[in-house]
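Worksheet: the structure to be examined is printed underneath.
Residue numbers (our numbering): 836 to 929.
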């Protein structure tokens, strides 16, 4: 018998924190379901994934100055199709 594949739901993430070099941004992933859902994170500088920036927080570095930052949150669960959501880009980092 085929395994039924469910559909995950998750909100568009937001980013909290001060948008200046040296500050730490936090991904606000919201409530995903049906629980439990495993979440993975990838931070972006413009449209480029930031190497190693795969946690729920990201400390802004000099290379981020003048760029917009966004986060991709991907939810996974056995027998469900993975779901990726992107935040809106931040204002340019100061």
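Positions of the beta carbon are idealized from the N, C-alpha and C atoms, including for glycine.
Asked	Found
Check whether residue 920 and residue 845 have beta carbons under 7 Å apart	yes
Under 7 Å between C-beta atoms of residue 886 and residue 904	no
C-alpha gap between residue 915 and residue 858, whole angstroms	36 Å
Short Cβ contact (7 Å threshold) for residue 912 with residue 872	yes
Nearest candidate by alpha-carbon position, reference residue 878, set 851, 843 and 892	892
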